[in-house]
Amino acid sequence: MKKTITILATFALVALAVSCNKNKDEYGYTIKDNQIVYNTPARPADQQSMLGFACDPIENVRVGFVGLGMRGPGAVERFCYLEDATIVALCDLFPERVESAQQILDRHGIARAAEYSGEEGYKELCAREDIDLVYLAVPWQLHTPIAVYAMEHGKHVAIEVPAATSIKECWDLVNTSERTRKHCMMLENCCYDFFELTCLNMIQQGVFGDIVHVEGAYCHNLEPYWDRYQGDWRMTYNKDHHGDVYPTHGIGPICEDLNIHRGDKMDVLVAMDTDAFNGQAMADKRYGEGAVKYANGDNTMTCIRTHNGKSILVEHNVVTPRPYNRMYQVTGTKGFANKYPNEGLALGSENIQFTAIDNLDAEEYMSDADRDALMAAYEHPISKGIAEKAREVGGHGGMDFIMDYRLIYCLHHGLPLDQDVYDAAEWSSLVELTEVSINHGSMPVVMPDFTRGEWNKLKGVNFALVEE
Ligand SMILES: NC(=O)c1ccc[n+]([C@@H]2O[C@H](COP(=O)([O-])OP(=O)(O)OC[C@H]3O[C@@H](n4cnc5c(N)ncnc54)[C@H](O)[C@@H]3O)[C@@H](O)[C@H]2O)c1
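Counting from 1, position 267 in the sequence shown corresponds to residue 303 in my numbering; the numbering is continuous, with no gaps.
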């Protein structure tokens, strides 16, 4: 009897161990002491870190665009204004979308580009010898596979957000970029909005003291857009997944504020979501009553603690009626900044050294006039000189143009890009990490380190500029 109990107990322990370690592959996790611990696999011998990587200057950056739906054509339009770039090729599943993009070039008096279409047209585009950069605005599910293919074929890549949808894909981007020595930048445009850029500059000048807490979000009711995503890719993804499936607009700018992988790193994450109230109602209407179970919670919240003891809050909500909000909030030991619904700054009187305002009281926002004067004084060096043109060309008020301008500027001058492959991986990693946390009852997740221990090597976020 005693022997039977011992055998059963052993079986139970083995079964438990197997279930806890079921994801114990190279890119997976184990559950230890009530925490989900992600592996950080060793760097293969044929790879080198991409931290601070710069390629040789490219006189004129030859670009191929893949994905010309709602987002892609705007990028084609913006590139028509960039002197040091040439649009060499255009590709989409549908030839008529390629033709519409050609008409943008016509309107600008620019020579038509080579055309590719169909599911694998991008392979022909990547095979061309005369392309330096592949710019991707395809459905999320295709970002990493096409980016990897492009890098393997000798191209730098710029990928719309999020760059990857799983930890395995994050590592695929890091490994391929490290092995091929090709840039892999995620196109996180919100890092280039004027308020965020100015606040980053103020943070770096010490205006807010030490930053202790930051918040970001993507709260945007996508009701008008659901029917317009090609092949229903976005709804398909959201209905199948819990978690913050679109985290990068929220987390990108605030990670820069905290110097993530440039002196600090994200250590532990906890995510929680609501039920899918509107999500399920939307799915019932779309696919038929009870036809599918909609997974993505209406509201998803994620808390992250960093190695240096800072905290981050990120939110995602794309299904309830509410004003657009990316939050962007910075709490420092000496001041506070908040972007939505109204841009506001609050500083204590000890910050007098940074401003000409002499009646500071951090319990209240300063006046709009004082805020504007302060923000003008701290305009970020990369937006100086380009801000006016950016507002004119547009793209979310100009930030998209600043992003594209910076990408081409850095390639043209052979400088490190503003956002590297580790940013792409870290910010996109929330897609899987938040889902796994939620699926385990909001269990804490020890995050992987995509720099493999080198997160303290670079000191601070630096947007490279050519010395005049
Ligand atoms: N940064 C931002 O502010 C922002 C804004 C909107 C969208 N986005 C991102 O842009 C991407 C595209 O979104 P969208 O709204 O344009 O979606 P969309 O569905 O309108 O466009 C996707 C396009 O990709 C094409 N496509 C699909 N498979 C392809 C293939 N194999 N080869 C070539 N083309 C293919 C489709 O035909 C379609 O034209 C997404 O990653 C989205 O998250 C970013």
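Each residue gets a CB set at the ideal place from its N, CA and C atoms; glycine is no exception.
Taking 7 Å as the cut-off, the C-beta of Gly103 counts as close to a heavy atom of ligand 1. In the three-state reduction of the DSSP assignment, Gly105 falls in the coil class, being assigned neither a helical nor a strand state.
Of the other Cβ atoms in all chains shown, 16 or more fall within 10 Å of the Cβ of Phe101; this residue is therefore buried.
DSSP places Arg341 in the uninterrupted beta strand (DSSP E) bounded by 336 to 342.
Contact between Trp463 and Cys291 holds: CB atoms are separated by about 6 Å, below the 8 Å threshold. Distances from the CB of Asp128 to the heavy atoms of ligand 1 include at least one below 7 Å. In this structure, Pro260 has its beta carbon at no less than 7 Å from each heavy atom of ligand 1. For Gln365, the enclosing beta strand (DSSP E) begins and ends at 365 to 368.
The Cβ atoms of Val99 and Val124 lie closer than 8 Å to each other. Per DSSP, reduced to three states, the secondary structure at Val304 is strand. In the three-state scheme derived from DSSP, where H, G and I count as helix and E and B as strand, Cys227 is classed as helix. Asp440 and Arg114 have their alpha carbons spaced roughly 8 Å apart.
The beta carbon of Cys206 sits closer than 7 Å to those of Ala200, Ala461, Ser464, Ser465, Phe486, all from its chain and outside the five residues before and after it, given in chain order.
Of all alpha-carbon atoms in Glu428, Ala186, Gly430, Thr310, the one lying nearest the alpha-carbon of Gly279 is that of Thr310. The beta carbon of Gln240 sits no closer than 7 Å to any heavy atom of ligand 1. DSSP, read as helix, strand or coil, puts Lys375 in coil.
Nearest to Ala319 by alpha-carbon distance, out of Met86, Arg270, Tyr254, is Arg270.
The Cβ atoms of Glu400 and Ala382 sit closer than 8 Å to each other. Using a Cβ-Cβ distance cut-off of 8 Å, the segment 168 to 187 and the segment 135 to 148 are not in contact, since fewer than three pairs of beta carbons, one from each stretch, lie closer than that value. Between the beta-carbon of Pro480 and that of Gln71 there is about 5 Å, and that keeps the pair under the 8 Å contact cut. Selection His297, Thr336, Gln240, Arg164 evaluated against Ala307 yields Thr336 as nearest (Cα-Cα). Inclusion of Asn387 and Gly380 in the CB contact set at 8 Å is not warranted, their separation being larger than that value. Under the three-state reduction of DSSP output, Gln455 falls in the coil class, being neither helix nor strand. Contact annotation: Cys227 and Pro289 have beta-carbon atoms nearer than 8 Å.
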